[in-house]
Amino acid sequence: MKTILIAFGLVLVAACVAKAQPNTACAVAQHLATADFRLPHVAAAIAAKRLNISVIGSASSSPSLAATSGANKGYPARLESLLGQKLPGVVVTVTTHAKARETAANMETQFIRVLAADKPALVIWQTGTVEALRRSDVDDFRSVLEDGIGVLHHGNSDVILMNMQYSPRTELVTDPTQYADAMRIVAMQQEIPLFDRLAIMRHWGELGTFDFNEVTKTIDTAAQVHDCIARLLAHQIVEGANLPNSVGNAIR
Amino acid sequence: MLVKPLKQEEVLASAPPAPGPRLAAAAPAHERDLRLDLFRGIALWLIFLDHIPSNVVSWITIRNYGFSDATEIFVFISGYTAAFVYGRAMRERGLIVAGARVLKRAWQVYVAHIFLFVIYMAEISYVSSSFENPLFAEEMGIFDFLRQPDVTLVQALLLKFKPANMDVLPLYIVLLAGFAPFLWLVLRWPTVALAGSAAVYILTWTFAINLPSYPSGTWFFNPLAWQLLFAFGAWCALGGARKLGGLFNSNVVLAIAISYLVFSFAIVMTWYFPRYASYVPRWLSEFMYPIDKTNLDVLRFAHFLALALITVRFVPRDWPYLKSFLLRPAILCGQHSLEIFCLGVFLAFAAHFVIEQVSARLAAQVAVSLLGVAIMVAAASVMAWYKRIEGQCPGRRPTDADLAGGEA
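So the protein lines, in turn, are chains A and B. Using this note's numbering, you'd call the opening residue of the first sequence number 1 and step up by one each time. Using this note's numbering, you'd call the opening residue of the second sequence number 253 and step up by one each time.
Have a look at this one:
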């Protein structure tokens with residue numbers, strides 16, 4: 001009898017684990033997506049029940065995900081729906097501004113326009129990919145980041161920097177480390193959160209959560225990865241909004 | 253004025269790096285300083301581990317705990333041993349002969365680099381043609397250079413196109429190519445030579461000079477800046493270390509060095525835990541950042557000096573563990589540095605390939621890392637064995653400086 005009960009209990013646990021799979025799979029990297037600095041404008045927007053977020057980045061895999069019939073499976077669309085669930089009563093809008101092979105410098109020129117059009121409380125600036133692929137000058141990249149963050153702060157928006165994807169094959173040609181380091185240092189100095197997509201995806205690869213060496217033409221893995229990115233990002237944003245004032249309260 | 257032969261107790265580390273009987277006969281007073289081999293061997297392992305992209309084992313390497321990394325150790329010791337080997341040649345045979353030997357060595361390193369590049373191209377061509385995944389649609393654009401082999405190959409021969417992790421050998425080639433005049437000068441007026449090297453370093457920083465790269469940008473390791481460390485190594489080998497003897501024994505200097513290492517460790521930790529970055533005063537972070545690896549930032553140089561100072565202080569020349577079997581593998585690797593370095597670059601490619609094609613999991617990363625180091629040790633052992641049996645046969649030794657230079 002006891003054995004049967006234990007066996008039953010184990011089956012139950014296994015079933016729960018299996019059902020919770022998508023969430024727990026992403027969550028193994030949760031510790032890498034902590035909000036190190038406060039997001040005051042997001043907090044104010046949540047209080048006012050209306051949260052506008054702009055995602056500005058080079059296209060990466062988003063367009064192919066967005067182009068599929070039916071639901072948009074890129075992380076910005078997933079972020080919008082996840083934040084809507086996490087923040088009941090708040091109207092969440094996520095607007096994407098993505099172009100293929102866009103450098104940080106090109107993106108920066110659009111900031112004023114995006115700020116005016118979207119009135120975002122938060123801009124997620126996804127960059128570094130094109131610079132790493134082209135091996136652009138790191139100092140130039142760094143100063144573009146600093147200037148851009150200044151423009152966004154001046155436009156009363158919080159900023160989260162998102163670095164490049166972990167892409168094991170391209171690391172054979174070019175090492176993204178110095179660009180990722182530049183983003184880390186700038187985020188630290190400007191006291192804004194960094195969404196360390198590189199480290200998070202690398203961690204998933206190490207643990208076998210995702211196989212980034214899979215050869216495929218379908219977008220299934222890509223859609224799952226984007227869903228996971230959206231989950232961690234939503235977690236980071238809400239945490240950043242809830243941080244007490246004493247943490248990383250940059251004078252702006 | 254020629255530099256007097258160094259006395260054993262006076263220098264940081266001063267043995268001829270080659271165990272060849274000829275050198276041993278020429279310098280009977282010197283026993284080989286195993287510390288050089290040990291630390292160069294360890295540096296070679298660390299460079300190998302750091303060169304496997306996204307390798308979890310690279311967390312143990314020193315770059316994660318302070319400003320400088322294994323490259324500094326490698327360049328310094330290479331300068332040190334090059335000065336030792338070619339300095340002797342220059343004293344005995346003059347500028348022309350020694351200069352020719354240095355250039356010959358640079359040529360060997362160049363050939364080794366191109367050989368590695370060919371292996372790299374084979375791997376990258378295979379990888380790029382066998383891969384497809386919409387997740388990486390944008391990133392795959394990086395393989396576009398394969399469509400223009402004419403340009404890519406010529407740029408590689410000119411040392412302008414250097415893929416990730418193939419930056420150290422080109423640096424070494426340029427450093428060796430310019431080494432003979434410096435060596436000539438350091439043998440006559442060591443202080444002037446070192447000051448000249450520092451002046452080049454300062455000018456490089458002031459005017460932001462660097463060599464061009466293809467398709468864009470500049471060299472990842474700027475030879476005009478990194479020459480300072482190479483020159484400093486050479487200067488130490490040829491009597492400079494003796495001049496610094498007082499500093500090595502000063503407790504004040506030791507305390508400063510330890511404090512600096514602790515400071516550097518704390519700063520590096522804020523990179524991993526940004527929340528604590530707010531404890532770093534703004535003026536300090538504005539002064540420090542960016543810490544420039546390309547141009548050998550002063551903070552990195554100082555970190556290396558602090559490490560070296562503490563090492564010399566606590567690992568004496570006659571440290572008994574240097575003879576122990578535990579350190580033997582690292583010493584063996586350090587004694588065949590060019591070969592083991594090249595093997596390490598190749599093994600890093602291979603490890604990356606295995607991680608991609610077989611498994612990217614933690615266990616696989618640890619396995620390929622350990623296996624790679626084991627292969628490096630095995631190869632070094634075979635080379636040491638071969639050198640030993642060659643040496644036992646009189647009159648069969650190489651007639652030029654290859655063996656000696658082989659360590660430089």
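We treat Cβ as the ideally placed atom computed from N, Cα and C, and that holds for glycine.
Residue 531 (chain B) has a beta carbon lying at 7 Å or more from every beta carbon in chain A.
Across the set B:511, B:495, B:395, the C-alpha of B:511 shows the shortest separation from the C-alpha of residue 562 (chain B). Apart from the 5 residues on each side of it in sequence, residue 96 (chain A) sits with its Cβ closer than 6 Å to the Cβ of 55, 76 in its chain, given in chain order. Among the CB atoms of chain A, none fall inside 7 Å of the CB of residue 300 (chain B). Taking the Cα positions, residue 121 (chain A) is about 37 Å away from residue 307 (chain B). With distances taken between CA atoms, residue 502 (chain B) lies nearest to B:566 out of B:566, B:354, B:610. 7 Å or more divides the Cβ of residue 485 (chain B) from the Cβ of residue 338 (chain B). The C-beta distance from residue 25 (chain A) to residue 209 (chain A) rounds to 5 Å, short enough to fall under 8 Å. When DSSP states are grouped into helix, strand and coil, residue 126 (chain A) belongs to the strand group. About 4 Å separates the beta carbon of residue 324 (chain B) from that of residue 556 (chain B), a gap short enough to meet the 8 Å contact definition. Taking each of B:476, B:527, B:417, B:473 in turn and checking the Cα distance to residue 244 (chain A), the smallest one comes out for B:527. Of the other Cβ atoms in all chains shown, 16 or more fall within 10 Å of the Cβ of residue 73 (chain A); this residue is therefore buried.
Under a criterion of Cβ atoms nearer than 8 Å, the residues of chain A adjacent to residue 376 (chain B) are, in order, 172, 173. Closest by C-alpha distance to residue 613 (chain B), out of A:227, A:237, A:206, A:221, is A:206. According to the DSSP secondary-structure assignment, residue 195 (chain A) is paired through a beta bridge with A:162. When beta bridges are read from the DSSP output, residue 96 (chain A) appears opposite A:55.
When secondary structure is reduced to three states using DSSP, residue 464 (chain B) falls in the strand class. Where residue 459 (chain B) is concerned, the enclosing alpha helix (DSSP H) starts and stops at 442-459. Beyond the five residues adjoining it in sequence on each side, residue 464 (chain B) comes within less than 7 Å, by CB distance, of 412, 470 in the same chain, given in chain order. Check the Cα spacing between residue 144 (chain A) and each of A:125, A:99, A:156, A:113: the tightest is with A:125. For a Cβ distance threshold of 7 Å, residue set 613 of chain B lies close to residue 208 (chain A), ordered along the chain. Look at residue 313 (chain B) here: in three-state DSSP terms it is coil, with no helix or strand label. With respect to the C-alpha of residue 170 (chain A), the residue from B:448, B:391, B:437 having the closest C-alpha is B:391.
Neighbourhood of residue 541 (chain B) in chain A, by CB distance below 8 Å: 185, 189, in chain order.
At a cut-off of 7 Å, the C-beta of residue 222 (chain A) has a neighbouring C-beta in chain B. For residue 594 (chain B), same chain residues with a beta-carbon under 7 Å away, outside a window of 5 residues either side, are 364, 368 in chain order.
Taking 7 Å as the cut-off, the beta carbon of residue 459 (chain B) is found no closer than this to the beta carbon of residue 423 (chain B).
Apart from sequence neighbours up to five positions away, the residues of its chain that approach residue 505 (chain B) with a beta-carbon distance below 8 Å are 499, 561, ordered along the chain. Selection A:225, A:150, A:106 evaluated against residue 192 (chain A) yields A:150 as nearest (Cα-Cα). The closest CA to that of residue 229 (chain A), considering only A:190, A:163, A:217, is found on A:163.
Setting aside the 5 residues that flank it on each side, residue 521 (chain B) has no residue in the same chain whose C-beta is closer than 6 Å to its C-beta.
The C-beta separation of residue 387 (chain B) from residue 221 (chain A) comes to about 6 Å, placing the pair in contact by the 8 Å criterion.
According to the DSSP assignment, residue 400 (chain B) belongs to no alpha helix (DSSP H), since it is labelled neither H nor E.
Contact between the stretch 294-313 of chain B and the stretch 575-588 of chain B is established, with three or more Cβ pairs separated by less than 8 Å. When 9 Å is used as the limit between beta carbons, residue 158 (chain A) is near no residue of chain B, the shortest such separation being about 15 Å. DSSP places residue 34 (chain A) outside both helix and strand once states are collapsed to three, so it counts as coil.
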